[in-house]
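Worksheet: the structure to be examined is printed underneath.
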Amino acid sequence: MTGTILTPGLKPGTRLYRTLPLSRLYELFDNRENVLVRPKLWDDPFENLALTSPVEIDGKIGEFGFHQDYYGQCWTTQSISDAIWRIYSSDKKGVRIRSTVGKVLGGLSKGKDPNLARIQCFIGKVRYLTEKQLVQFAATHFAGGLALETDGKLIADTLLVKRKAFKHEGEVRLIYAATYGTEKNADLLRYDIDPDAMIDQVMLHPQLEDAAAAEMKEEIQSRTEFRGPILHSQLYSRPKGFKFIIGP
54 MTGTILTPGL KPGTRLYRTL PLSRLYELFD NRENVLVRPK LWDDPFENLA LTSPVEIDGK
114 IGEFGFHQDY YGQCWTTQSI SDAIWRIYSS DKKGVRIRST VGKVLGGLSK GKDPNLARIQ
174 CFIGKVRYLT EKQLVQFAAT HFAGGLALET DGKLIADTLL VKRKAFKHEG EVRLIYAATY
234 GTEKNADLLR YDIDPDAMID QVMLHPQLED AAAAEMKEEI QSRTEFRGPI LHSQLYSRPK
294 GFKFIIGP
């Protein structure tokens with residue numbers, strides 16, 4: 054695996070999850086490519102707060118000239134989450150794919166330029182901050198200047214802060230820095246992957262009826278030829294052996 058892990062404790066084998074529409078899963082297998090987006094396309098307007106905020110240098114106000122050079126994709130470490138199913142698959146037709154830090158980061162590194170992966174391909178856990186902490190982060194993060202920023206970590210790290218209200222997401226972000234201007238005027242970053250190498254499990258929505266889940270599983274296997282397990286989430290099922298015992 055090449056690329057850079059930004060968060061201590063995040064290992065190549067750490068499992069990651071991503072919930073997406075069924076149509077997007079089919080696109081991933083049909084086109085055999087993964088797609089990252091510019092942070093401006095994310096739902097929360099504060100997603101790219103650091104790089105789109107005013108910058109003060111020597112008393113003068115400006116902006117980061119490279120704020121459009123970054124792309125990202127959101128994953129999570131949360132294997133069981135009612136909130137994520139409801140937010141990202143409200144129609145019950147979405148699926149959750151499982152991978153690992155090493156597979157996701159390695160796929161990006163291989164799909165772009167492996168020789169530059171260390172300074173262009175990153176992954177890290179999001180830190181959830183209060184408004185006061187966000188202000189402090191902005192005031193101190195670049196205190197040492199950018200002259201010695203040769204590995205890209207300091208800038209990529211600005212995409213790993215988010216407001217406390219989103220803490221339930223347990224988010225991990227895959228980040229690509231188009232530091233040599235190769236992706237100008239493109240909101241989407243596409244690169245080739247092997248879906249079977251990146252994805253090791255597909256999970257179906259927990260609110261699907263068993264018959265509908267079986268039908269969807271068969272359809273996914275037919276459309277994608279995915280060789281890994283396709284499971285039906287039992288999030289809302291009664292725990293096995295659960296019963297009330299009255300009396301001694």
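Numbering (our numbering), first residue to last: 54 to 301.
Even glycine gets a Cβ: it sits at the ideal position worked out from N, Cα and C.
Please read these numbers as outputs of a predicted model, since none were measured by experiment.
With 16 or more other Cβ atoms from the protein chains shown falling within 10 Å of its own Cβ, D122 counts as buried. Contact between G159 and G56 holds, with the beta-carbon distance rounding to 7 Å and staying under 8 Å. For R77, the enclosing alpha helix (DSSP H) starts and ends at 75-84.
Approximately 6 Å separates the beta-carbon atoms of R226 and L213; this is inside 8 Å, confirming the contact.
Bridge pairing for H285: L257 [DSSP]. With 16 or more other Cβ atoms from the protein chains shown falling within 10 Å of its own Cβ, T211 counts as buried. For the pair V90 and A231, the Cα-to-Cα distance works out to about 12 Å. Burial check for S132: the Cβ neighbour count within 10 Å stays below 16, so the residue is exposed.
Contact between P65 and G155 is confirmed by a C-beta separation of about 3 Å, below the 8 Å threshold. Linking D247 to D135 through their CA atoms gives a straight-line distance of about 29 Å. Per DSSP, I140 is one residue of the alpha helix (DSSP H) stretching across 135-141. Pairing I252 with S152 gives a Cβ-Cβ distance under 8 Å.
When the beta-carbon positions are compared, I228 and G164 stay at least 8 Å from each other. In the structure shown, the three-state DSSP call for T277 is helix. Under the rule that a run must span 4 or more residues, the alpha helix (DSSP H) segments found entirely inside the segment 143-221 read 154-164, 170-173, 184-193, 206-209.
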